[in-house]
Structure formats: C-alpha cells, structure tokens
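Q: First the structure, then my questions, so here it is.
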Amino acid sequence: MTLALIGFAAVLTLVFLRVPIAIAMGFVGLVGYAHETSTSASISMTARLITDAARDYGLSVVPLFVLMGLFVNQSGMSREIYRSANAFLGHWRGGLAMATVAACGIFAAISGSSLATAATMSRIAMPEMRRFGYADSLATASIAAGGTLGILIPPSVILIMYGLLTQSSIAALFLAGLVPGIIGILFYMAAVAFVVWRKPESGPRGERQNWRERLTSLSGIGAVVGLFVFVIGGLYGILDFWPINLTFSPTEAAGMGAMGTFAIALWRRKMPWSALKGALSETCVTTAGLFAILIGAWVFSNFVSIVGLPEALVALVTSNDIPPMTVMGLILLIYILLGCVFESLSMMVLTVPVFFPIISQLGFDPIWFGIVVVVVTEISLITPPVGLNVFIMRSVVGDVSTATIFRGVTPFWIADIFRLALIVLVPSLVLFLPQLVQGR
Amino acid sequence: MFKTLVGAVHWTARIPLWLAISALFAMMVLTFTDVLLRSFASAPIPGAAELTEVFLATTVFAAMPATSLWGRHISVDLFDSFVAARIREGLANFIFGILLFWPVVKCWESGARTIGYGEVTLYLRLPVGWIIYLIAAGMTLAACAMILRGIFILLMPQTDLADRTEGVVRSGT
Amino acid sequence: QNDPRVLTIASWAGPSHVVNAEMWPQFIDKFEEISDGELTAEVKLNLVPPPAMADFVLDGAADITFIFHGYNAGRFVVPQLVELPGVEGDAEAASAAYWRVWKSHLEAAGEQDEFKTLAMFQHGAAQLHLTDPIDGLDAVDGMKIRAPGGVGSLAVEGLGGVGIQVPATKVYETLSAGAADAVTMNTDSRVGYNLDEVAPVIFEIPGGLYRGSFAVLMRKETWNSIDPELREALDEEFFGEPMSRLFGRIWAAGDERAMQAARDAGSAIISASDEDIAHFAPIVENVTATVLERVNGRGIDAEAAKAAFEKEIAAVMAEIDS
Ligand code: NA
Ligand code: NA
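Chains as they are written, first to last, in our numbering: chain G, 68 to 507; chain W, 114 to 286; chain U, 3 to 324.
The following block contains the structure:
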C-alpha cells in the first residue's frame, strides 16, 4: 500500500513537472515494478506491453471514430447539425452546450467507447460552439463530460468487459445502462444551465428563430440522420433482412461510420486531397498520443497490482463488521480516488475482480453494481489530474489549457456525483428496465 | 544550414507518418469491404481482424515519432504560467527520451527472438517478429524525436517545432 | 521455520475462469504440501497479453505460467497432434494421455527445451455453439463460424464454414451482432463467454472439432534453484502426469457444469446423428493428414505418436471407468 502511494505521488510530481503523462505513468510503473521484482523482469514486462498491447483488434475503434469525427466536420455535416440545433435551442442560454450533451448521448448509441465518443464529438461540436461564441471552458467541458456516456449507453466495451469478468448477463447490463444514461444527459444539461446562470456570457443567447427557419434548418441534417440510421441499423440488426442482410459488430461500427462519412464527404466534393491528408495525419498523431497513455497506464497498473494494492483495498473495506451500505460507500470512495489516476480499462480490470466477490456476498445486485462501476469509471475520465476525456479535448482543441478544461468540467463532475448517489440510493432506476424486458 | 537540419529532422517524423496514414486508411477500407463481402457474399476477407491489428500497430507506432517531435504527447499544463515552463518541457523531453531507450532496446531483442522462433500470427501466418521490429523502429525514432525536441527547446528556442499535421480541422475552420 | 519462498505465477484469462478459480489454487496447495511449506506461489493476472507469457517467464519476469500453444503459432507445432478431431475421451483422459505421449514422442522436437515443463493438458472436445438450431452437420456449409485458428480452423474449413477470424474476446459481440452464426469452443467456455445468451444451441459430435493444447511452464533457473531432493519429490509426486491429469479433470468438471448451466438456461443440445459422423469422417481424415505432415516436419514420427495418443486415451478412459 505504501509503495503504491509513493507511486501515485511520483506520477503526480512528474506530471506537474510537465513530463508527458504516458511517460510519467510508464516510468514510475517500470521503476516500481523493477523495485518489487527485478530490473530485467520489469523491462521485459514494459517491452511486451509496448509490442503487444496496441495489437488489439478491439482498440481499432479509437482511430476510426476519431477519423469519423474529422470527416463529419470536413463534410460540413457538423455545421448543419449545429445550424439546426441553434435554430431550435439557440435562443436559450447554453442551448448549444445542452444540444451537445444530447448529441453525445445519441452518438454513444453507436460508439462503445467514451474516448471515441469524446474524440468524435470534439471534432464536430467544438468548432461550432466557438463559432457561436461559447466560452472554451463550457464548450470543452460539455463534450468531455457528455463523451463519458459512451460506455454507459449501449453498446459499451466496458460493460461487455464487466459482463465477462463477472459472468453477468451482458444483455441485461446494456438494458440497465439506458436509464442512468438518460439521467446523465439530463443532469449534464442541468450543469450547463447552472454554468450559464452563474456566467451568462459563457453560453450566449442566440436570436429566436421562427418555425419556418427551424424546419428549413432540418433539411440540412438528412445526411447525418441517414448515416446514423445506417450505423444503428447494422449494429442492431435492423438492416438484417433479405436482400440486404447487413450486420456488423460494435468494433466494426467504427470503420463503417468512418467510411460512410468519407463517402458523404466525397459525394459532396468536400474532400480535397489536402483535407483527407490533414484528417488522416491528425488522427494518426492523436491516436499515437492516446495509445502511449494506454500503454503507460497498463505498466503503472501492473506495478500497483504487484505491490498488492488490490489486496490492501479488500482489507480496507472488510476490516471490521461494518454495515453493507458503509462498505458500499467506502468502495465508491476508493473508486473516485483511483479515478484520479486510472484510465477506464485498467480501473475495471484492476478493481472488479477485487470488489465483486465482496459485493455479491453482501447481497447487492451484480447488474446494478456493473452500472455503478461504469458510472464511477465515467467520473474517472473527467477527474483530474489524469482524465482521459479532458486530454482528448486538450489534444483536439490545442489552444485551451488543461486547467481551463478541468475548471469547466467541475459542475459536470458534481452532476455526476449526484447521479451516482441517485442510482446507489434508488437501485430500481437501474434494474426496472432489465426486469421489465427480461422478466428477471 | 541550420534550416536544412531542422527540415531534415521534420522529415524523419513525416516519412513514417505517411506509413501511418496509409495504414489508417487501409484499416477503414478493410473493415468496410470485409463487412460488405461478409454480408452480401458470405465471403469475408481472410484474417480481417488480424490485418486490422497490424494496421493499428502501424498507425500508432509509425505516428509516434511525429507525436513526439511535434509535442503532441498529452501533458498537464497546470503550472505553465510560472516556473520556467520551457526549461521543464525541454528537460522532460531530453531526459525521458534517453531513458526510453531502455525498454526500446528490449523491444528489438524481443523481435529478434520472435523471428528466431519462427512465430506467426494465428490466421494469416504473418511473421510476428517483423511486426515487433516495426513497432521497435517506431519507438526508436520516437525516442530520438523526444531527445531532439528537448535539445531544440533548451538550446535553440527559436526553432519551429509547431505541429505539421496541417490541421484543417484543428483550428476549427 | 523460515518464511516460504514465494514463486510468481503469471496467469491470464478472467479471475473466475477454471484455470484461475480452481487449477492454480489446487496447484498451490499441492506445491506447499510437497515442499512442506518451503515453497508457495501467488497468481498475478494478465500482466502481459497471453501470447507474451512464455517469453515473460523466459525473461525471468515470472516463475511459472500456462500457455495456449495456438497463440504462438509457428513456434509450437507438435501440440497440434493432440488437437485433432475425432478422438474420443474427456479432458482428464486426454490430458493424462497427452503427458505420456509428450514424454515418449513429442518432447524430443525440442520446442519447450528452454523451460521446465510441469504439465501438458487439454480442454475438452470443442463443439459447435450456434445462434439457431440446425438439422445436421451439412447445414454448416456456408455458415459463418468464428474459427479458432490452427486445427479448429482446418475443421471449420473442411465443413465448408466461412471462417470469421476475430479474437476470442470478441466472440460475444460478434455473435450478438449477427456477424457470425456460430462459434467452436470447448463447452466450459460457454460460461466464460456468456454463450447461453448469444448461442443457445449446442451441436455435439463425439471427439468434437478440435481440442486446445496447453502447457504449464516453469523458468529453468527457478527450477534449478530448488533443492534437488525437493525437485525429485515434486517430479515424483506431482509434476508430469498427475498434474496434467488434475488440470484435465478440473476442466472436464467445468465442461460438465457448463453443460448443466446450458440445460438450466433452456439451451438446445443437438447430438450428431450417424449420418453427421459419417459426413465428418472424411474431413477428419483430411485434417489429420495435414497435421501429421506438419508434425513430421519437426522430426517426429507423427503417425506413431498419434497411435500412441489414441492408445493411451483409451487406457486412461478404461482406468476411469473401472
Ligand atoms: Na455506447
Ligand atoms: Na482520472
């Protein structure tokens, strides 16, 4: 436990000294692991993670969804979406930020990953909100937070992982994620409302438009709707009838979406060679940065696992005869603290095997706990100092500082804590849908 | 003379980036073609997922030098307003660029060993050792890029190390 | 007494997988018992991806690991001999027989010479797990089936299946999205991959489509550092056939449980008819010919080894039955 804490402190120190996060986590993990085992063992572990970890089929969604976001922007579709959103909601303060949150929720239905959701939406939404005069802090924060919904609203890589780790029904988990996902959208909208109530200039009111203008604006989003129906249709078997029979998995949805968007951009003659090259190279450079962090996080997570952090955490929550709800509270607290440093996948793999047995023993519902874990994982994505969704925004927008984004994210983070409390205190919010559909 | 040198340095990041770009585009076209062929002709592309993995590794590691040279690794800038941000950034890149060779050398060894075993991928029987070599090469260039970035920032702050992705979209236009 | 020496087991797969939930705990118990508390071991999960596990031990990053030979294709070739379809017997019998044939025929190929091999074992026969019922094995022709690579892929191709080649971790989403109609895996995997949800039909054929081959490996330096007397005791009482058989037995019990769970979940279980078996026979022959040639390439008398494997399985089955 002490060693793990020293490790955390070392990462934070290096990060604040401006060492890239990937390098900070990777090297502290490397040195710590070497201290615990041997230098050669640690080097072997690190090298194998470098050479093997990125060769993961499931991770291919990250660059493909990033690319899709760039293509959506390049093809002019993002402008059309926001013209329409502005026509309907622009006269509200913060209306476009609220529309962004909702759009993130909708995009989450085709993307299984929060990183991918944030990466895509940042390309689409950020330039538009800037164009309409939104403050960088509000604009980036609404995307970073809205993007976390990617792993809660099905499909979800993390829920599949949880289902496989705990042998719970993945179908039930997917159903269970829907209502908390919608609650998430509403709470984030409330956070936007709060921000613009405190600082009206951060989400300026647009002109109210009449219904004719609104309906005209809708004609522009045909391509977007078509694209969405295409991806959703292939994903949920809606296009699976003779003679189409088009079906694809959530992993493949990224490639299908990117290709579909590319085709639309080509059709509209909005994909000159320079734009294609720019989008591709931008995607590659962003992806390399994200994978560096993933690999660094894995090395670090191996270190804290080998020094026995998981066991220490179990001892912490099971030490005395404490009532189940207190144990639950402690576990949530631990999750929120771990969320400071971990990215979603390592957090899931590190903690679920540790806490799940305790939770089942105490009689909590495994499906419900899965959703709770995903919500705290979502929170980790926007918790400083290592919040991957925030870093995506940082990496995409370029000229906004991490500090600004984290400051902007604070109200959304608080909204998340309220949402977490709500689903912990009212489990039926999570469980009634799977019970209704599956008769469990 | 100096300009030529800096230009040459940029090209060591740009050339592998072209490889990354090609792999990314190929990955997209591959998924699309595979899904269509599977859905309409029941004839998926053999080893599509495995090819995707190779393309992904290429996308990531061939772009790593560019990400490193152009300072696109994500770092926290919370304290940038005070205490010599430029020197800290230069030192961080220089020192950790050198340290990075430590695991990178091991990557090369691991590739050589895998080639010695004649290890191949499960479906397409592609030589795994060469894929590891590719990754090791990307990491080697990335480590060099970090060192160079550090040197340029520390000693020649006037050097233009700006992003070369010619980002149409980054600026939001 | 001094504190015991703790060896590190680098394992993979999920924490509730039979390997981690049952095989390692029993291994550790036995290990402590024989060494009289001098040695023990602790399991560390998923430190590196599965294909890297053998090298991980070779580098001294862990003392013990288990590997699936198929993940290092081209490096481990001879294990394919025991993966062939059409050989009856459960995982326990197959694993015990595997150890005997390993010692008598296969070890000489030298593929695991850099390690101390503690056990060679197998999972039960891999069957077809389908999204929808089929009338017979000929229905597989043209069907999209997630293929496992190696011998299993040869069997799927032989049946005319369209091989969907995705990693095992993507089986659930591939089946649930309808990107594949079936998967071939050992029965126990139904639990680990939630197949009762997405593949509610099991098609069983005696001997299955293939059997996966595994080894438990120890780092040579670790082995040599153990007291010679203790080494002898471990070899005598546990390593080798007893351990292979134990791991096989645990897996067979896992298959049994998964089958029961499938029945409880209302999954349909179809048994191959005589026609199906006749339909499969020439395919088995082709697959066998291909594999024997590969194994012969490693300087092993593959025919003799195969005959020995079949003889030993029958012998162990007879032991179990009596
Ligand atoms: Na999603
Ligand atoms: Na975090």
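Here a beta-carbon is modelled for each residue, glycine too, at the ideal position from N, C-alpha and C.
#1: Would a check of beta-carbon distances place T133 of chain U closer than 8 Å to chain G?
#2: Would the C-beta of I218 of chain G count as close to ligand 1, meaning under 7 Å from any of its heavy atoms?
#3: Would you say A275 of chain W lies against chain U (beta-carbon separation less than 8 Å)?
#4: Hey, does G203 of chain W have any beta-carbon neighbour from chain U nearer than 8 Å?
#5: Mind checking whether the beta-carbon of A176 of chain G lies closer than 7 Å to any heavy atom of ligand 1?
#6: Can the beta-carbon of Y124 of chain G be found less than 8 Å from the beta-carbon of A162 of chain W?
#7: I need the straight-line Cα distance from F241 of chain U to S215 of chain U, nearest angstrom please.
#8: Run through chain U and tell me which residues come within less than 9 Å of A238 of chain G, C-beta to C-beta.
#9: Identify, in the order they occur along the chain, each residue of the same chain with its Cβ nearer than 8 Å to the Cβ of E243 of chain U, setting aside the five sequence neighbours on each side.
#10: With H, G and I counted as helix, E and B as strand and the rest as coil, what does DSSP make of D273 of chain W?
#11: Going along chain W, which residues have a C-beta under 8 Å from A89 of chain G?
#12: Got a sec: does ligand 1 put a non-hydrogen atom nearer than 7 Å to the Cβ of G179 of chain G?
#13: Run down chain W in chain order and give the residues with a C-beta less than 8 Å from the C-beta of A112 of chain U.
#14: When you check each C-beta in the stretch 53 to 78 of chain U against every C-beta of chain G, which residues fall closer than 8 Å?
#15: Among all the DSSP beta bridges, which residues are the ones paired with A43 of chain U?
#16: Return the residue from the list U:E113, U:F205 and U:A157 that minimises the CA-CA distance to S269 of chain U.
#17: Decide yes or no for the touch test of the stretch 191 to 200 of chain U against the stretch 248 to 265 of chain W: beta carbon pairs closer than 8 Å, at least 3 of them.
#18: Relative to the alpha-carbon of A56 of chain U, which residue among U:I322, U:K222, U:S18 and U:S246 has its alpha-carbon at the smallest distance?
#19: Residues in the stretch 125 to 152 of chain U with C-beta within 9 Å of chain W's C-beta atoms, listed in sequence order?
#20: Just by C-beta distance, which residues in the stretch 154 to 183 of chain U are closer than 8 Å to chain W?
#21: Are the C-beta atoms of K222 of chain U and some chain G residue less than 8 Å apart?
#22: Determine contact between the stretch 248 to 260 of chain U and the stretch 15 to 27 of chain U, defined as no fewer than three beta-carbon pairs at a distance below 8 Å.
#23: Quick one: grab the DSSP three-state call for K337 of chain G.
#24: Indicate whether the contact test is met: 3 or more Cβ pairs, each with one atom in the stretch 379 to 393 of chain G and one in the stretch 139 to 149 of chain G, closer than 8 Å.
#25: Mapping DSSP to helix, strand and coil, what is P222 of chain G?
#26: Within this structure, are the beta carbons of L83 of chain U and V297 of chain U separated by less than 8 Å?
#27: Can you confirm whether P6 of chain U, when its beta carbon is compared against all beta carbons of chain G, has any partner nearer than 8 Å?
#28: Using only the alpha-carbon positions, how far apart do V476 of chain G and E222 of chain W sit?
#29: Would you call M48 of chain G buried or exposed, if buried means 16 or more other Cβ atoms sit within 10 Å of its Cβ?
#30: Give me the chain W residues within the contact set of N312 of chain G, using Cβ-Cβ distance strictly less than 8 Å, ordered along the chain.
#31: With 8 Å as the C-beta to C-beta threshold (strictly closer), list the residues of the stretch 100 to 120 of chain G near chain W in chain order.
#32: Closer than 8 Å, CB to CB, is V233 of chain W near chain U or not?
#33: Ligand 1 and P159 of chain W: does the residue's C-beta get closer than 7 Å to at least one heavy atom of that ligand?
#34: Going by beta-carbon coordinates alone, are V128 of chain G and A346 of chain G separated by less than 8 Å?
#35: Output, in chain order, the set of chain G residues within a Cβ distance shorter than 7 Å of T172 of chain W.
#36: In whole angstroms, what separates the C-alpha of A166 of chain G from that of Q271 of chain W?
A: Once the coordinates are examined:
#1: no
#2: yes
#3: no
#4: no
#5: yes
#6: yes
#7: 17 Å
#8: S178, N196, E199 and V200
#9: A98, W101 and R102
#10: coil
#11: H186 and I187
#12: yes
#13: The residue you asked about is not Ala; residue 112 of chain U is Gly in the sequence shown. Going along chain W, no residue has its Cβ under 8 Å from G112 of chain U, so there is no contact; the nearest lies around 12 Å.
#14: P53, A54, D57, F58, D61, G62, A63 and A64
#15: U:L9
#16: U:F205
#17: no
#18: U:K222
#19: G144, M145, K146, A149, P150, G151 and G152
#20: S155, V164, G165, I166, Q167, V168, P169, K172 and A181
#21: no
#22: yes
#23: coil
#24: no
#25: coil
#26: yes
#27: no
#28: 44 Å
#29: This structure cannot settle anything about residue 48 of chain G, because the visible part of chain G is limited to 68 through 507.
#30: S152 and F153
#31: I110, S111, T113, A114, R115, I117 and T118
#32: yes
#33: no
#34: no
#35: P130, C351 and T354
#36: 43 Å
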